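J.:
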Amino acid sequence: MLPLPLHLHHPPPPPPSLPSKPTTTDPPHLFLDSSLCVRALHSCAAFRDLRLGSSIHGGASKTGLSSNPFVSNSLLNLYWTCGRPDDASRLFDRMPERDAVSWTTAMSALSRIGAADEVVSVFIDMLRESVSPPNEFTLAVLLRALALQRRAKAVQTVHARIVKSGAIEDLFVRNCLVDAYAKSARFGDAERVLFRSSGRDVVSWTSVISGCVFYGRFEKALALFARMVEDGVSPNEVTVASLIQSCSLLNEERLCGWIHGWVVKLGLGGDESVASSLVEMYAKNGFIDEAVRIFVRFCLAGECVDLDVEAMAALIHCCTRSGIQKIGEGLHGYLLKHTFLFPCLVLENSLLDMYGKKEQSIESARRLFCTMRDRDIVSWNTMVSCFIKNARIDDALGLLTELHSNGEGGVTPDVVTILSSLQACSHLASLKLGQILHGYVIRSGFECDVFLGNALIDFYAKSGDITSTLRVFEHAPFRDVGSWNSMISAHAIHGDAISALLVFEELKRLPDMHPNSITFSSVLSACARSGMVSEGFKCFKSMIEDHRIVPGTEHFTCMVDLLGKSGHLKAAEVFIDGSTIRHCSEVWGSLLGACGVSGDIEVAERAAKRLNELEPESEAWRVALSNVYARAGKWEWAVEVRAEMKREKLRKEAGWSSVELGGGESYRFIVGDTRHPSSEDVYEVLDGIRRLTMDSSTCMVHGL
Numbered sequence: 001m002l003p004l005p006l007h008l009h010h011p012p013p014p015p016p017s018l019p020s021k022p023t024t025t026d027p028p029h030l031f032l033d034s035s036l037c038v039r040a041l042h043s044c045a046a047f048r049d050l051r052l053g054s055s056i057h058g059g060a061s062k063t064g065l066s067s068n069p070f071v072s073n074s075l076l077n078l079y080w081t082c083g084r085p086d087d088a089s090r091l092f093d094r095m096p097e098r099d100a101v102s103w104t105t106a107m108s109a110l111s112r113i114g115a116a117d118e119v120v121s122v123f124i125d126m127l128r129e130s131v132s133p134p135n136e137f138t139l140a141v142l143l144r145a146l147a148l149q150r151r152a153k154a155v156q157t158v159h160a161r162i163v164k165s166g167a168i169e170d171l172f173v174r175n176c177l178v179d180a181y182a183k184s185a186r187f188g189d190a191e192r193v194l195f196r197s198s199g200r201d202v203v204s205w206t207s208v209i210s211g212c213v214f215y216g217r218f219e220k221a222l223a224l225f226a227r228m229v230e231d232g233v234s235p236n237e238v239t240v241a242s243l244i245q246s247c248s249l250l251n252e253e254r255l256c257g258w259i260h261g262w263v264v265k266l267g268l269g270g271d272e273s274v275a276s277s278l279v280e281m282y283a284k285n286g287f288i289d290e291a292v293r294i295f296v297r298f299c300l301a302g303e304c305v306d307l308d309v310e311a312m313a314a315l316i317h318c319c320t321r322s323g324i325q326k327i328g329e330g331l332h333g334y335l336l337k338h339t340f341l342f343p344c345l346v347l348e349n350s351l352l353d354m355y356g357k358k359e360q361s362i363e364s365a366r367r368l369f370c371t372m373r374d375r376d377i378v379s380w381n382t383m384v385s386c387f388i389k390n391a392r393i394d395d396a397l398g399l400l401t402e403l404h405s406n407g408e409g410g411v412t413p414d415v416v417t418i419l420s421s422l423q424a425c426s427h428l429a430s431l432k433l434g435q436i437l438h439g440y441v442i443r444s445g446f447e448c449d450v451f452l453g454n455a456l457i458d459f460y461a462k463s464g465d466i467t468s469t470l471r472v473f474e475h476a477p478f479r480d481v482g483s484w485n486s487m488i489s490a491h492a493i494h495g496d497a498i499s500a501l502l503v504f505e506e507l508k509r510l511p512d513m514h515p516n517s518i519t520f521s522s523v524l525s526a527c528a529r530s531g532m533v534s535e536g537f538k539c540f541k542s543m544i545e546d547h548r549i550v551p552g553t554e555h556f557t558c559m560v561d562l563l564g565k566s567g568h569l570k571a572a573e574v575f576i577d578g579s580t581i582r583h584c585s586e587v588w589g590s591l592l593g594a595c596g597v598s599g600d601i602e603v604a605e606r607a608a609k610r611l612n613e614l615e616p617e618s619e620a621w622r623v624a625l626s627n628v629y630a631r632a633g634k635w636e637w638a639v640e641v642r643a644e645m646k647r648e649k650l651r652k653e654a655g656w657s658s659v660e661l662g663g664g665e666s667y668r669f670i671v672g673d674t675r676h677p678s679s680e681d682v683y684e685v686l687d688g689i690r691r692l693t694m695d696s697s698t699c700m701v702h703g704l
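Each step along the sequence shown adds one to the number in UniProt numbering, with nothing skipped, and position 658 is 658.
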C-alpha cells in the first residue's frame with residue numbers, strides 16, 4: 001500500500017462503480033484499443049471527470065485492458081488527479097506490472113500535494129522492488145520533493161546517481177538539480193552545476209536567483225542576473241519578479257530604476273504580477289511618487305491591470321510613512337469602487353493605521369473600524385494604538401474593555417493588546433486597572449514575555465509604585481537590555497539618580513549585554529533630574545568613546561536639560577551652538593524651559609529667537625517665553641506675547657491631569673479646576689504637599 005500523508009487518510013470510499021456492461025454511448029472499440037482508452041482517460045483527468053473515468057475503468061476491466069501498463073498508469077493518474085488517493089493506492093498495489101512511469105506517477109501526485117516524505121518513501125520502495133530503473137522524470141520529481149524539505153545531503157546523493165546514469169545531460173533534470181541546491185541554500189553547488197554544463201536556459205538562472213532572494217542574498221542575486229544577461233539569456237517574468245523582490249529590501253533607488261528599465265525593455269509591464277511587484281518595490285523603499293505613477297498608469301489609464309493585495313497594502317503603508325494622506329484617501333476611494341479587492345481585512349487594517357496616524361482623521365479611522373464586516377486582533381490593536389498615539393486614552397480603554405469583556409467574533413487579546421492596555425494605563429497612571437491587567441498576564445501565561453515584563457516595569461514606575469517595579473524586575477524569568485533600561489528609567493522618574501546609576505553599572509558588568517542608545521538616554525535623564533552634572537558628562541563621554549554610540553537628539557536634549565536646570569544656561573547655549581543639532585527645535589525648547597527656573601530673560605529671548613526661525617507657527621515656545629517673563633515680573637512683556645498669539649490665532653490646549661479614585665474610577669481636571677465637590681479638600685492636601693516640598697528643598701540647600 002502506498003504511504004499516504006496523514007491529512008489524506010479518511011474512511012475508504014465505495015469502490016468505483018463498475019457497470020455490468022458499457023453504456024450505449026460508449027463505442028465498442030474503446031475498451032479494445034489501448035491508445036484510444038489512454039487518450040480518453042487523459043481527457044477525464046484533465047477535466048476531473050471522475051464519473052466518466054470510473055465508467056471507462058469498468059469497461060476496461062471487463063475486456064482485460066486495465067492490465068495494460070499504459071492504461072493502468074493512465075488510471076493511476078486519473079485517481080490521483082481527481083483527489084482519490086485511496087483508490088489510486090489500491091490500484092497501484094493491484095497492478096501486475098509497475099514500470100518507471102507507474103512509480104513516477106505516484107511520486108508526482110504525492111509531490112503535488114506537498115507530501116515530500118511520502119515521495120522519498122515511494123522512491124526507496126521503487127529501488128527495492130522495481131526492475132525498471134528510475135528515469136529522468138522520476139529523478140526530477142524526487143529532486144523537487146527534496147527541495148521542499150531542504151535536504152542538501154540527500155540532494156548530493158541523488159546528484160551522484162544522476163551523474164552515474166548520464167541523466168545530467170538532460171536540461172530538465174539539470175534545472176531540477178540546480179533548483180534543489182538553491183532551495184537548500186547550497187549556492188556553491190548550484191553554481192557549479194549551472195556553470196559546468198554547456199546548456200543553460202532562463203529556468204536554470206532563475207532557480208539560483210530565486211534561491212538567493214529567498215535566503216536574503218540580494219547582492220548575489222543581482223550579480224547572477226548581470227551574468228545571465230552577459231550569457232545572452234533573456235529574463236522572464238519569474239526572474240524579474242525575484243529581482244524586484246530583492247530590490248524591495250535594498251532601499252536603492254538606482255537599482256529600482258534599473259529593474260524597472262528591464263521590465264519596460266521586456267514588455268512585461270502589462271503582466272499583473274510584475275506590475276504589482278513594481279508598485280510594491282517602490283512603495284517599500286518609500287519612493288511614493290514612482291509607486292503612484294505606476295499605479296496610475298496600469299490601473300487608471302486604460303491598462304486595466306489589477307494590483308494584488310500585497311501591492312495595495314504596501315502603497316497605503318507608504319502613504320502612511322510619508323504622511324501623504326491625500327493619496328491614501330484616493331486609494332481608499334479606488335478600492336471602494338473595485339470590489340474585486342475590497343472589502344479585504346489586510347487593506348482595511350492598513351487604512352485604519354493610515355487614518356489613525358493623524359489626529360485630524362482619527363474619526364475616519366473610527367468610522368472605518370465600526371463598518372468593518374470582519375475584524376481580527378490586528379484591527380483592534382491598530383485602533384487602540386491610534387487612540388493612544390492621539391492621547392484619546394479614554395477611547396482606547398473603552399475599546400479594550402469591549403474586547404476583553406465580549407471577545408467579539410472569537411477574537412482574543414494577544415501580547416500586543418496587553419502592551420497597548422498597559423500603555424494606556426501608564427498614560428493615566430491608573431494603578432488599579434494596571435494591577436488587573438497584571439493578573440490577566442499571569443493567568444494567561446504571558447509572564448514569560450520579556451516585552452510585557454518591561455511594559456509592567458514602566459507602568460508601575462509611572463504609577464508611583466516603585467516597590468512593585470522592583471518586584472517585577474527581580475522576578476522576571478527573562479531580561480533583555482530593555483528590562484534594564486526600564487529599571488533605570490523607573491529610578492529616573494522617581495528622582496533617584498543614585499539607584500539609576502547603580503543599575504547602569506550592574507548592566508555594564510553583564511558579559512552578554514551591552515548598553516544601547518536608550519540606556520544612555522535614561523541615565524542622562526536621571527542625571528538631569530537630579531542635577532548631577534559631572535556624572536552626566538562622564539556618561540555622555542563614555543557613550544561616544546567607550547561604546548561607540550553616536551548621540552542623537554534625545555541625548556543632546558538631556559545634556560541641555562542637565563546644564564540648564566543646574567543653572568549653567570550660558571554653558572548650555574554654548575553646548576548647543578557647538579553641536580551637530582543646533583538646528584533642532586527640541587534642544588532650544590529644553591533651554592527655554594530651563595530659563596523659566598532661573599528667570600534668565602537674556603538667554604530665554606535668544607532661545608525664543610531660534611525657535612521662531614525653526615517653528616514659527618508653534619504656540620508651545622511662546623507660552624514658555626510668556627511664563628519666563630511672568631516669573632521675572634515682566635508682566636507687560638508676558639501680556640504682549642499672549643496678545644501676539646491671539647493675533648496670530650495660536651491657541652494652546654489646556655493641560656489636564658487625572659487622579660484615580662476608589663474602584664478604579666478616574667477624575668480629570670485642569671489648572672484651577674473647582675468643579676469637583678471635594679475640590680476644597682484636594683487643594684488643602686496639595687497645599688500641604690507644596691509646603692513639605694519646600695521644606696525638603698530648604699533642607700537640601702542647607703545640606704549642600
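Heads up, the beta-carbon is just placed ideally off N, CA and C, and yes, glycines get one too. Nothing here was measured: the structure is a model prediction, and the numbers come from that model.
How big is the Cα-Cα spacing for Leu336 and Pro343?
T.: If you take the alpha carbons of Leu336 and Pro343, they lie about 8 Å apart.
J.: Could you work out which residue in Val263, Ala528, Arg112 is closest to Gly83 when comparing CA atoms only?
T.: Nearest C-alpha to Gly83: Arg112.
J.: List the endpoints of the continuous alpha helix (DSSP H) containing Gly288.
T.: The sequence shown places Ile at residue 288, not Gly. Looking at the DSSP string, the run of the alpha helix (DSSP H) that includes Ile288 is 288-295.
J.: Quick check on DSSP: helix, strand or coil for Lys634?
T.: Coil at Lys634, not helix or strand.
J.: If you run the structure through DSSP and keep just helix, strand and coil, what is Gly59?
T.: The answer is helix: DSSP assigns Gly59 an H, G or I state.
J.: Count Cβ pairs between the stretch 142-151 and the stretch 165-180 that sit closer than 8 Å; are there 3 or more?
T.: The stretch 142-151 vs the stretch 165-180: in contact.
J.: Would Leu692 be called buried (16 or more neighbouring beta carbons within 10 Å of its own) or exposed?
T.: Looking at its Cβ environment, which holds fewer than 16 other Cβ atoms inside 10 Å, Leu692 is exposed.
J.: Can you list, in chain order, the residues of its chain with a C-beta nearer than 6 Å to that of residue 742? Leave out the 5 residues immediately preceding and following it.
T.: Given a span of 1 to 704 for the chain in the structure shown, any question on residue 742 remains unanswerable.
J.: Counting C-beta neighbours from all protein chains within 10 Å, is the total for Val296 16 or more, i.e. buried, or is it exposed?
T.: Burial call: exposed.
J.: When burial is assigned at 16 or more other CB atoms within 10 Å of the CB, is His267 buried or exposed?
T.: The residue you asked about is not His; residue 267 is Gly in the sequence shown. It is exposed - the Cβ of Gly267 has fewer than 16 other Cβ atoms within 10 Å.
J.: Among the candidates His42, Trp484, Lys357, Leu110, whose CA atom is the shortest distance from the CA of Val523?
T.: Of the listed residues, the one whose Cα sits closest to Val523 is Trp484.
J.: Given a cut-off of 8 Å, decide if Asp201 and Pro171 are closer than it, judged by their beta-carbon atoms.
T.: Per the sequence shown, the amino acid found at residue 171 is Leu instead of Pro. Taking 8 Å as the Cβ cut-off, Leu171 and Asp201 qualify as a contacting pair.
J.: Quick check on the DSSP output: what are the complete alpha helix (DSSP H) runs of length 4 or more inside the stretch 139-179, in order along the chain?
T.: Taking only runs of at least 4 residues, the alpha helix (DSSP H) segments lying wholly in the stretch 139-179 are 152-165.
J.: Based on Cα-Cα distance, which residue from Pro133, Arg186, Arg151, Phe187 lies nearest to Arg161?
T.: The shortest C-alpha separation from Arg161 is found at Pro133.
J.: Hey, out of Glu169, Gly270, Cys318, Val603, whose CA is closest to Ser198's CA?
T.: The option with the nearest alpha carbon to Ser198 is Glu169.
J.: With DSSP as the reference, label Glu680 as helix, strand or coil.
T.: Three-state result, Glu680: helix.
J.: Please list the segments of the alpha helix (DSSP H) lying wholly inside the stretch 177-240, counting only runs of 4 or more residues, in order along the chain.
T.: Runs found: 187-196, 202-214, 218-230.
J.: Leu400 and residue 708 - do their beta-carbons sit closer together than 8 Å?
T.: For residue 708 there is no data in the structure shown, the boundaries of the chain being 1 and 704.
J.: How would you label Thr24, buried or exposed, when you count the other beta carbons within 10 angstroms and need 16 or more for buried?
T.: Residue placement at Thr24 is flagged as unreliable, the pLDDT there being 38, under the threshold of 50; a coordinate-derived value is accordingly withheld.
J.: With distances taken from CA atoms, which of Asp480, Asp458, Thr557 is nearest Gln435?
T.: Closest option to Gln435, Cα to Cα, is Asp458.
J.: Whole-angstrom Cβ separation of Leu41 and Ser74, contact assumed at under 8 Å?
T.: Yes, Leu41 and Ser74 are in contact; Cβ-Cβ is about 4 Å, under 8 Å.
J.: If you follow the alpha helix (DSSP H) that Val597 is in, where does it begin and where does it stop?
T.: From DSSP, the alpha helix (DSSP H) with Val597 extends over 585-598.
J.: Just to confirm the assignment, what range does the alpha helix (DSSP H) spanning Thr412 have?
T.: It is not in any alpha helix (DSSP H) - Thr412 carries neither H nor E in the DSSP assignment.
J.: Looking at the structure shown, is Glu268 part of a helix, part of a strand, or coil, going by DSSP?
T.: A small fix is needed here, since residue 268 is Leu in this sequence, not Glu. If DSSP states are grouped into helix, strand and coil, Leu268 belongs with coil.
J.: To which residues of the same chain is Asp26 closer than 7 Å at the C-beta, ignoring the five residues directly before and after it?
T.: Here Asp26 scores only 48 on pLDDT, less than 50, and its place in the model is too uncertain to base an answer on.
J.: I'd like to check one pair, Ala314 with Glu280: are the Cβ atoms closer than 8 Å?
T.: Yes; because the gap between Cβ atoms is below 8 Å, this pair is in contact.
J.: Would you mind sorting His260 into buried or exposed? The rule is 16 or more other CB atoms within 10 Å of its CB.
T.: That one is buried.
J.: Classify Lys358 as helix, strand or coil using the three-state DSSP reduction.
T.: Note: Lys358 maps to coil in three-state DSSP.
J.: Looking at the unbroken alpha helix (DSSP H) that takes in Thr105, where does it start and where does it end?
T.: From DSSP, the alpha helix (DSSP H) with Thr105 extends over 100-112.
J.: CA-CA distance, Glu640 and Glu615?
T.: Taking the straight line from one Cα to the other gives about 19 Å.
J.: For Phe478, which three-state DSSP category applies?
T.: It is coil, neither helix nor strand.
J.: Indicate whether Leu65 and Tyr79 have their beta-carbon atoms separated by less than 8 Å.
T.: Not closer than 8 Å, so no.
J.: Is it true that the CB of Val441 sits closer than 8 Å to the CB of Tyr460?
T.: Cβ distance not < 8 Å, so Tyr460 and Val441 don't count as in contact.
J.: Pick from His475, His494, Ser525: whose alpha carbon is nearest that of Ser463?
T.: Out of His475, His494, Ser525, His494 has the C-alpha closest to the C-alpha of Ser463.
J.: Can you give the beta carbon distance from Met559 to Gly589, rounded, assuming they're within the 8 Å contact cut?
T.: So it is not a contact: roughly 14 Å between Cβ atoms.
J.: Let me know if Cys299 comes out buried or exposed under the rule of 16 or more other beta-carbons within 10 Å of its beta-carbon.
T.: Cys299 comes out buried.
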